[in-house]
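In the numbering used here, the protein residues as written are 11 to 75.
Ideal placement from N, C-alpha and C gives every residue a C-beta, glycine not left out.
All of these numbers come straight from a predicted model, not from anything done at the bench.
Some notes on the structure that comes next.
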């Protein structure tokens, strides 16, 4: 994971500590998947539409979008 993405995740966790606990918390697998999609987008790579839709839905659920 790029340093920029790590820094963003840390900053978001500090800004919104109330989003961390609870049943809607991302699993490690979901977090890895979302980070993978973000890395692909950041690199200008083409992301599979279904995977992008999934990552977008997870980020909406978590209040990140």
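On the three-state DSSP scale, how would you describe residue 73? coil
Along the chain, where does the alpha helix (DSSP H) that runs through residue 45 open and close? 38-52
Looking only at its chain, what residues have a beta carbon closer than 7 Å to the beta carbon of residue 47, apart from the 5 residues adjacent to it on each side? 57, 61, 62 and 65
Exposed unless 16 or more other CB atoms sit within 10 angstroms - verdict on residue 20: exposed
What three-state label does DSSP hand residue 20 in the structure shown? helix
Minimum C-alpha distance to residue 15 - residue among 50, 68, 59 and 73: 50
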